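Here's the structure, in structure tokens; my notes come after.
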Amino acid sequence: MTEMTDGVLHTLFRSEQGGHEQVVLCQDRASGLKAVIAIHSTALGPALGGTRFHAYASDEEAVLDALNLSRGMSYKNALAGLDLGGGKAVIIGDPASREQGGLKSEELLLAYGRFVESLGGRYVTACDVGTYVADMDVVARETRWATGRSPENGGAGDSSVLTAFGVFQGMRASAQHLWGDPTLRGRKVGVAGVGKVGHHLVEHLLEDGAEVVITDVRAESVQRILDKHPGKVTAVADTEALIRVEGLDIYAPCALGGALNNTSVPVLTAKIVCGAANNQLAHPGVEKDLADRGILYAPDYVVNAGGVIQVADELRGFDFDRCKAKASKIFDTTLEIFARAKADGIPPAAAADRIAEQRMADARLTRTV
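Remember, this note's numbering sits 64 above the position in the sequence shown when you count from 1.
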């Protein structure tokens, strides 16, 4: 981007509050590419995180999203036990193809790949909201540092499979902590967002005997599940209706961030929040509001780490069984965080932060020895 408003500059300088190492603004006029690559930390290794393709309302909003998401990836990767730092990228624009009236094109993805390559391996990208395996195959034509590729192109394929599996393990751990039993049989679970990750999560829940209620802004995503599981899944109009469902045990936000806020928390009927969406807490005070209402929050960047475990494994030669075994440990990590939170008298997210920060600090100390 060669033209930046004062608002963009102000947002960029906010990166100092999160300790970001590097923020790169990318522009390719020929393809229409406008992107932000944010590297929060490389203390544990190269910064790994996906590329989000979204029609942001402003450049400032895009930059802030990249900053928040990249910081979250540092903590997620640390808690997942990966020797990788945290980064994230966003591409600004409608993620639909040019043929469908959007911005995405082969030319744009190739240009983006060149920007990733220019960082020399400090940032490793992958799929995120609005980007898919086929997109990473194109990006990888210009950079060695693209994961989430198709098996035909040396990748692991769709990472949403293990993301959903990890969230399911986090739910089981939450149930164990709150009710003394990890099974979800007979529990009513509301899933907001049944796209790439959410629809896999629904499958796990049904297999475990849960009663599932869903919603999504895309009617076709809802209908796909209703058609596949006639009579077994209930749909409601929107997220506002979902969080008010009577007898809801678990709420799973699986779309964009900010789902837990001053409007939603006071009316939320669930006893547990555990979902795949990133940055679910709209602001730091929300977790206290949840605790005050007796609602257990499983930190999003802990339970949704299955996907990053999968794509990280591509860097060493992908093995699905090895990845699934590692993702299953999200159950134990979640229980450890709840125990730490109880022992220290702090919210679960704060406990998770302490564990992640200690691992990053230990890595920095090792580097200086």
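Beta carbons: idealized from backbone N, C-alpha and C, even for Gly.
Being a predicted model, the structure only gives us computed values, none of them experimental.
- Message: Could you tell me the alpha carbon to alpha carbon distance between Ala341 and Gly262, rounded to whole angstroms?
- Response: 9 Å
- Buried or exposed: where does Asp280 fall if 16 or more other Cβ atoms within 10 Å of its Cβ makes it buried? buried
- Would you identify the three-state DSSP class for Gln91, choosing helix, strand or coil? strand
- Other residues of its chain near Thr298: CB distance less than 6 Å, five sequence neighbours each side excluded: Val277
- Query: Cα-Cα, which of Val375, Gly381, Phe402, Ala99 is closest to Ala391?
  - Reply: Val375
- Item | Close beta carbons around His104, own chain, < 6 Å, minus the five adjacent residues each side | His84, Ser134, Arg135, Ser138, Gly150
- Query: How about Leu306 and Gly254: do their beta carbons lie closer than 8 Å?
  - Reply: Remark: C-beta atoms of Leu306 and Gly254 approach each other more closely than 8 Å.
- Among Val350, Val188, Thr115, which residue has its Cα nearest to the Cα of Ala414? Val350
- Assuming Val100 and Ala153 form a contact by the criterion Cβ under 8 Å, report the distance between their Cβ atoms to the nearest whole angstrom. 6 Å
- Task: Classify Gln86 as helix, strand or coil using the three-state DSSP reduction.
- Result: If DSSP states are grouped into helix, strand and coil, Gln86 belongs with the strands.
- Leaving out the 5 sequence neighbours to the left and right, which residues in its chain are closer than 7 Å to Glu170 when beta-carbon positions are compared? Val202
- Item | Alpha-carbon to alpha-carbon, Leu89 and Gly157 | Each residue's Cα considered, the two are about 15 Å apart.
- Ends of the beta strand (DSSP E) at His104? 97-105
- Query: Between the stretch 175-189 and the stretch 343-358, do three or more beta carbon pairs fall short of 8 Å?
  - Reply: no
- Task: Using three-state DSSP, classify Tyr187 as helix, strand or coil.
- Result: Strand at Tyr187.
- With 16 other Cβ atoms within 10 Å as the buried cut-off, status of Leu172: buried
- Task: State the DSSP-derived secondary structure class of Thr66, mapped to helix, strand or coil.
- Result: The predicted model places Thr66 with a pLDDT of 44, which falls under 50 and marks its position as unreliable; any figure quoted below should be read in that light. Here Thr66 carries a coil assignment [DSSP, helix/strand/coil].
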